[in-house]
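In the working numbering, the protein residues as written are 23 to 69.
Just below is one structure, and these are the notes that go with it.
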């Protein structure tokens, strides 16, 4: 995995890094959560 992080706001480096780790944790949790209702996304017949 390649991760590029850009922090546009904040002054306190500790809080900026903490927010980055929390955001990464949320993104990873969403990425690995099994969603049986979603199926495979498709735009067939929509475009």
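Note that the Cβ used here is the ideal one computed from N, Cα and C, for glycine as well.
None of these values were measured; they are calculated from a predicted model.
Other residues of its chain near residue i: CB distance less than 6 Å, five sequence neighbours each side excluded
i	result
residue 52	none
Residue i: first and last residue of the uninterrupted alpha helix (DSSP H) it sits in
i	result
residue 28	Unbroken run through residue 28: none, as it is neither H nor E.
residue 41	35-54
Cβ neighbours of residue i in the same chain (closer than 8 Å, five flanking residues each side left out)
i	result
residue 25	46
residue 41	29 and 32
Own chain residues within Cβ distance below 7 Å of residue i, not counting five before or after
i	result
residue 38	29 and 32
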